[in-house]
Each structure stands twice: as structure tokens, then as C-alpha cells.
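Comments concern the structure below.
What follows is the structure, given as C-alpha cells:
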């Protein structure tokens, strides 16, 4: 009987506990719902009931917040006074009392409480973020700062709370102090380098007058000069390089990278990476200096051979980027490529050099025979992969087209297409063969090949095939005559041959003799391409603006808008106008294939973060 009674009592007790837990959870849910709906009076009732049953901080804080937000200061005062009496050693409640005084306009009493809470704090590291957070909650980050510093002083550990203090300094606008904390973090542990770079990126954007960047540079340089043995000094040099890159000061980045390379004995690794980055960004002079540095490290460096090759390549990039260059400039470049081949030999490793020299000879020096000989040699090389031989064959076919040997070109394209039927190379060859048919006026056969290529895995080939196929459809229908398209195709071939003068004459003849032709937008776009290739950027701009003004709804409307934005960004030095045009494209042509790239460039111009591989 006693055993039965004991079991019954335990059962009833456990049910009571379960009911109590359920009751509390229900009340919490009801309280939250009432608060979210704006029924503050009902929310207060629920939280008062919860607090009576369980005086946990969660319910206290909700109740205090509700009282103060509704200016029910009397109840708030009762609540906080009871809390202080119950927990006299917890300064966070004294901060609440100070906030209550501040809300009622008694700033003197508030300040006394804030200081009393700080004085009461004993440096407990487990409590530091709670107290500092409460000060921060009321926008008193100066006291949050004091809490962290006091805990550091009491514990004797000045490495504590680096991120917390940095954030507290940021909230107060203390840029120098914030930067110093972050620099101490990364100096103590370079694993935080990427994190700190991300945080500094926020500091630098926006930075319209460059003041933030100047402060950051000064603090980094100060750290480098201090040479404190507690910190990894090389990480500060890395940060300085990173900062120069953010500022697009590649020369400054190169000087630092070179110095760090020598100190850390990196054998050119960082400088080579910077050379690549500088080249990608069109900073050819810096790229040339950097490649020269890594080349001059000698053949023991893993970057020696590639630096020799890239050094000539970047000279080519630099020459081609000029608004004008002479035949003598081209001959000097040719001789440098030839000297490179004499030094390294003609082999699988120097294929890129051979291709570049062949292109230079054929398309810029009008020496097609020399280019053809180089490419024919590649086909006989040992150790060259089938793909590399196919690349050589495609380049050779292009030369045949340049010489006017149309069918020989088509034969070579067909060979590559057959050997690489389901590969990028095969698709490229098929597209080039379709272009041959287009050039010669065999539009239906060309379109049949292009329609197959619409499903290409290469987005570039797929898009080009789609555009050309659509052009053919629009211009050889039942109500169209083929002659304007034939003239356009001849002009397109002349552009390929770089006979721009004759190409322009042919293009101008189309609207002159066929004023009702639907090729007007294609003619304008082709004239833009010619002007751009000749680096006549103002003329290129005029052609695109005319296309947009008259043919914005046609298929090339978004193309014209994108390339006009690119002109303003990269050649006309008008980033603001470029941003405006990219934004227009994104909003006016939401399904355009250029939207993704436009959004990326818009964000870059706005100052959003770009990853740098250094």
C-alpha cells in the first residue's frame, strides 16, 4: 500500500511538472505573438505572468523593454529595483537603471549609474560581453570600451576581446583604434588574414576622399616600422600589398611584393602572381617589370621559363593597347618572339609563342607565308597533343581564309570537326565552317549548321550561332531579297581580313541601295566593331548610340547597350556613365545574356569587393 501511494505521488508530481512546462511554453508563444502583432498591453500581461513564475533574464529583459517602450517608467523602476536588490553584484541591472533615468531626462543620475556599474564590474571574463553588450544596446559604446579594457587590465591579457573592441571603436567612429585592434589580431595569427581583409574592405567602401585608405596605410606602415617581435611582420607587408591593389596602385604593390619576396625568400611566387594580376588589369608596365624580376631570378626559379614567355606576351599586349603603333614596333616585337624561339626552341612548350608569332606575321605584318610555315611545323611536332594539333589546324584554316583559299579553309575546318565531333574544338570548327558558307552566300547550308550549334555546351558559340542564324532568317524570308545579306557577308569577310576601308564602303552601300533592308542595326554594329578594332572609340560610341536610339527594340539593342557601357568604363574614362548604362541594361533587358556580367561590372564600379589571388 505504501509503495502504491509513493508511485501515485511521483506520477502526479511529474504530470504537474510537465503541465507547468507546457503552460510556460504556451505563455511564451502567446506573449511573442501579441508583441509581434503590436498588442503591447496583452504582451505585458503575458510577460508579467511569466516573470512571476520564472524570473529568468529573458522575461525580465522583455518586460523591461515593454515598460520603457510604452513609457511606463513607474513599473520599469519597480522591476529594476527588485532586480538589483536580488542580484546586487550584477552591474548589468544598474546599467538598466541608468537607461531608465536617461529616458526620463535625468542624465546626471544616468551617468552615475553607468559609472557605478563599471566600478562594480570585477573583470569576470565570462560576464564581460554581457555587460559591454548592455551598454552597447543603449548606444553607450564608450562604456562598452571601458568594460573590455578593464577586463584586459585585471586579467593582464591585452590580447583579449580584439574583435569586440574593434567593433566598439567602429561604433564610436574611432577608425585608428579599430584598425590597430584588427592589425594586432592578424599580427598574432595570420590565419585571420582573409577575415581582416574583408573587414578592412568595409572600412574602405565607401571612401570618396580616400581618407580611410590613407589612415589604414599609415597604421600598417607604423606596424611594419615598429617591427614588434610579438607580431608577424610579414603579414603587414602582405596587407600593404593588398591595400595597394584595392587602390589600383599596382606600382606600389609591386615594390612591396618585391621587398617581401626578398625578405621571405619566396623565389618570385608573390611577384609572379602580381604580374599576372597586373596584366589582367591592363597594367602592362608593372606586369613587364614584375615578369622581368621573376625572369632575372634565374633558371632555378620555377617561374623562369614562363616569365620569359609572358614578358614578350605582355609587351605584345602593351603594344596592341596603344592607340597607334608603327610597323617598326611590330617588327621589334616579331624579333623578340623569334629570339624567344631561338632560345627555347620550337616544341610543345613554346606552342603559345609560335601561335602568337604566326598571328603577328599574318594579321599585322601581312606575311601569311611565314605564319603558314610556323603552323605547318607544329603539325609535325612530337609530343604535341591531338587538341594542340587541332588548334594549329584551325589557325591554319583561318590563314587559308585570309588568303582567299575558301575551300581549303573549309576542308581543314571539316577535318577538325570530324575528329572532335563532341568537343569544344569540333563545335568551333563547325561554327567557322558555317561562317565560310555565310561568306560565300550559301545561307541555307550555313543556317543548318548554326541551328545544330544552338545547343552547344559553349555559351559563346551557342550565342554566336543563334545570332547569326536569326540574322539569316530575318533576311532571306519570302518577303526579302538576299542581295543585302550577301553584301553584309562580304563586308564581314573583309573585316576578318582586316580590310577595314573596303568593309566600311561595302557596309555603307547596303542602306544606300537597299533603304528598306532590315540589316540597318547589324550594319551599325559592324561599323562599331571596326571602329573599336581601330581604337577609334568616339566613332565606336557614335555608332552604338545611333543603334540604341533607332533600334533599341531589335535583337542587338542589349548588345549595343552593354558595349557602350564598356566603352565608357574602359576607354572613355566615364565610370559614372558606365554604371548608369549597366543599370539600364539590367532593368530594361532582364532576360539579356549580358545581365550577369553587367551586374558584376556595376558592383565593381560601385566599389563592391573583388577577390584577388595573391
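In the numbering used here, the protein residues as written are 961 to 1574.
The beta carbon of each residue, even a glycine, is placed where N, CA and C say it ideally should be.
No experiment lies behind these values; they were computed from the predicted model shown.
Item, Value
"Could you give the uninterrupted runs of the alpha helix (DSSP H) lying entirely in the segment 1143-1218, keeping only those of 4 residues or more?", "1153-1164, 1171-1186 and 1193-1206"
"Hey, is the segment 1352-1364 in contact with the segment 1385-1396, meaning 3+ C-beta pairs nearer than 8 Å?", "yes"
"By alpha-carbon positions, which one of 1185, 1234 and 1116 ends up nearest to residue 1208?", "1234"
"Helix, strand or coil, according to DSSP, for residue 1400 in the structure here?", "coil"
"What residues in its chain sit with their C-beta under 6 Å from that of residue 1428, if we drop five residues either side in the sequence?", "1410"
"Can you tell me whether residue 1019 is buried or exposed, with buried defined as 16 or more other CB within 10 angstroms of its CB?", "buried"
"Among the residues of its own chain, which have a CB less than 8 Å from the CB of residue 1535, if the five just before and after it don't count?", "1528, 1529 and 1565"
"Relative to the C-alpha of residue 1431, which residue among 1395, 1197 and 1286 is closest?", "1395"
"Between residue 1363 and residue 1493, what straight-line distance do the alpha-carbon atoms span, to the nearest angstrom?", "21 Å"
"According to the neighbour-count rule (16 or more other Cβ atoms, all chains shown, within 10 Å of its Cβ), is residue 1351 buried or exposed?", "buried"
"Would you mind working out which of 990, 1339 and 1174 sits nearest residue 1005, comparing C-alpha positions?", "990"
"Leaving out five residues on either side along the sequence, give the residues of the same chain with a beta carbon under 7 Å from the beta carbon of residue 1450.", "1466"
"Just how far apart, CA to CA, sit residue 1560 and residue 1174?", "27 Å"
"What are the uninterrupted segments assigned as alpha helix (DSSP H) that are 4 or more residues long and contained completely in the segment 1003-1033, given in chain order?", "1017-1029"
"For the alpha helix (DSSP H) that residue 1107 lies in, which residues bound it at each end?", "1101-1115"
"Judging by CA-CA distance, which residue of 1128, 1448 and 1123 is the nearest neighbour of residue 1100?", "1128"
"Count the C-beta pairs between the segment 1506-1524 and the segment 1481-1497 that are closer than 8 Å, then say yes if the count reaches three, no if not.", "yes"
"Helix, strand or coil: how does DSSP classify residue 1585 here?", "The chain is shown only over 961 to 1574; residue 1585 falls outside these bounds and no answer can be derived."
"Below 6 Å CB to CB, which residues in the same chain sit around residue 1167 once its five sequence neighbours on both sides are set aside?", "1173"
"Could you check where the alpha helix (DSSP H) with residue 1466 kicks off and where it finishes?", "1460-1473"
"Report, in whole angstroms, the separation of the C-beta atoms of residue 1398 and residue 1406, which I expect to be a contact under 8 Å.", "4 Å"
"Quick check on the burial criterion: 16 or more other C-beta atoms within 10 angstroms. Buried or exposed for residue 1322?", "buried"
"Out of curiosity, what's the CA-to-CA distance linking residue 1061 and residue 1110?", "25 Å"
"Quick check for students: name the residue ranges of the alpha helix (DSSP H) that lie wholly in the segment 1214-1253, counting only runs of 4 or more.", "1229-1240"
"Can you check the segment 1318-1372 for any alpha helix (DSSP H) of at least 4 residues that lies completely inside it and give the ranges in chain order?", "1328-1338 and 1346-1363"
"Find out if the Cβ-Cβ distance for the pair residue 1277, residue 1232 is shorter than 8 Å.", "no"
"Does the Cβ of residue 1462 have 16 or more other Cβ atoms within 10 Å, making it buried, or fewer, making it exposed?", "exposed"
"Could you give the distance in angstroms between the alpha-carbon of residue 1279 and the alpha-carbon of residue 1288?", "11 Å"
"In three-state DSSP terms, what is residue 1257?", "coil"
"Need the endpoints of the alpha helix (DSSP H) that residue 1072 sits in, please.", "1067-1080"
"What span of residues does the alpha helix (DSSP H) with residue 1535 cover, start to end?", "1535-1548"
"Under the three-state reduction of DSSP, which class applies to residue 1058: helix, strand or coil?", "helix"
"Could you have a look at residue 1514 and say whether DSSP puts it in helix, strand or coil?", "coil"
"Could you work out which residue in 1329, 1379 and 1367 is closest to residue 1349 when comparing CA atoms only?", "1379"
"Leaving out five residues on either side along the sequence, give the residues of the same chain with a beta carbon under 7 Å from the beta carbon of residue 1582.", "Outside the modelled stretch of the chain, which goes from 961 to 1574, sits residue 1582, for which no answer is possible."
"Run through DSSP, which three-state label would residue 1531 get?", "coil"
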